[in-house]
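When we follow our numbering, the leftmost residue of the sequence shown carries the number 400, and every step to the right adds one. Note that CB positions come from ideal geometry on N, CA and C, so glycine has one too. Worksheet: one structure, shown below.
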Amino acid sequence: MIMPTPYLNFVIGLLVSFLGTLPLGVLNITIMDVSIKKGINAALRFAMACALVEFVYSYISVQLTRSIIDFPALRPITEVFATITLLGMGVYYIRKQSGLSESKQKSVSSFYLGTLLSILNVVAFPFWILYTTLLQGKGLIGLSEQGLIMIYVLGISLGTIAGLLPFVYGSHFLTRLVNVHQHRMDRLIGSLFIFLSLCQFISVWV
Numbered sequence: 400m401i402m403p404t405p406y407l408n409f410v411i412g413l414l415v416s417f418l419g420t421l422p423l424g425v426l427n428i429t430i431m432d433v434s435i436k437k438g439i440n441a442a443l444r445f446a447m448a449c450a451l452v453e454f455v456y457s458y459i460s461v462q463l464t465r466s467i468i469d470f471p472a473l474r475p476i477t478e479v480f481a482t483i484t485l486l487g488m489g490v491y492y493i494r495k496q497s498g499l500s501e502s503k504q505k506s507v508s509s510f511y512l513g514t515l516l517s518i519l520n521v522v523a524f525p526f527w528i529l530y531t532t533l534l535q536g537k538g539l540i541g542l543s544e545q546g547l548i549m550i551y552v553l554g555i556s557l558g559t560i561a562g563l564l565p566f567v568y569g570s571h572f573l574t575r576l577v578n579v580h581q582h583r584m585d586r587l588i589g590s591l592f593i594f595l596s597l598c599q600f601i602s603v604w605v
């Protein structure tokens with residue numbers, strides 16, 4: 400069995416956050432628009448704001464997750480909820496409509512815009528509660544000490560920046576690519592979520 404370590408906490412937090420940032424949503428579509436219209440430095444300030452909010456949101460989510468873990472009777476419920484959530488996300492991405500919607504921006508600072516949009520992105524709470532519960536349940540991360548939690552959350556925050564960087568530096572290319580292939584990418588992401596829900600179902604019931 401894998402023993403959680405600070406290094407593993409950091410790497411897993413960074414990796415899950417990085418992968419979770421890649422599917423197209425308000426933040427990565429907006430950061431492409433910021434990069435094209437205002438430049439790379441403005442887009443990097445936007446990414447930094449997103450990472451700071453993600454740090455706070457993920458820390459709160461981890462504390463909520465610890466409360467769930469303290470009640471073992473809730474674990475079967477969270478496992479079933481995780482399976483249904485992954486399946487739902489898979490169906491959502493497969494059925495998602497194509498087309499890159501143009502983000503509307505007022506003349507506000509990129510940092511403020513990133514902060515505001517990240518705060519409104521409350522889906523981060525169930526996302527991190529779900530994945531932290533799964534990862535802790537599989538013994539991949541440790542939450543027993545405050546230091547381990549902070550390292551895990553730091554990895555999440557840096558993973559957010561890492562996941563946004565391709566959209567910053569590849570904004571011109573990715574905008575064209577997304578317009579042509581967005582539905583294919585959505586179906587690929589959806590299929591991955593359905594596969595993960597199947598794996599989760601097998602781990603719970605088999």
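- Item | Inter-residue Cα distance where the pair is Ser517 and Met447 | Straight-line Cα distance between these residues: approximately 11 Å.
- Straight-line Cα distance separating Leu519 from Ser543: Between Ser543 and Leu519, the C-alpha separation is close to 30 Å.
- Taking C-beta to C-beta, are Leu413 and Ile540 nearer than 8 Å? In this structure, Leu413 keeps its C-beta atom at 8 Å or more from the C-beta atom of Ile540.
- Item | DSSP-derived helix/strand/coil call for Thr404 | In the structure shown, Thr404 falls within a coil segment according to DSSP collapsed to helix, strand and coil.
- Query: Hey, would you say Asn427 sits closer than 8 Å to Leu564, going by beta carbons?
  - Reply: Contact: no.
- Kindly indicate which three-state DSSP category Gly487 falls into: helix, strand or coil? Looking at Gly487 - three-state DSSP - the assignment turns out to be helix.
- Task: Report the option in Cys598, Val567, Leu597 whose CA atom is closest to the CA atom of Gly438.
- Result: Looking from the CA of Gly438, the closest CA among Cys598, Val567, Leu597 belongs to Val567.
- Task: Assign Tyr491 to buried or exposed, taking buried as 16 or more other Cβ atoms, counted over all protein chains shown, within 10 Å of its Cβ.
- Result: So Tyr491 counts as exposed.
- Is DSSP giving Pro565 helix, strand or coil here? Helix.
- Would you please verify whether the beta carbon of Val425 is less than 8 Å from any beta carbon of chain B? The structure shown has no chain B; it contains just one protein chain.
- Query: If Tyr456 sits next to Phe524, beta carbons under 8 Å apart, how far is it from one beta carbon to the other, in whole angstroms?
  - Reply: Between Phe524 and Tyr456 the Cβ distance is about 6 Å, and since that is below 8 Å, they are a contact.
- Task: Using only alpha-carbon positions, find the residue among Pro405, Ser460, Thr514 that is nearest to Val425.
- Result: Comparing Cα-Cα distances from Val425 to each of Pro405, Ser460, Thr514, the minimum goes to Thr514.
- Tell me whether Leu540 sits in a helix, a strand or coil according to DSSP, three-state version. In the sequence on display, residue 540 carries Ile and not Leu. DSSP, read as helix, strand or coil, puts Ile540 in coil.
- Burial state of Thr429 (16 or more Cβ within 10 Å): Counting Cβ neighbours within 10 Å, Thr429 comes out buried, since at least 16 surround it.
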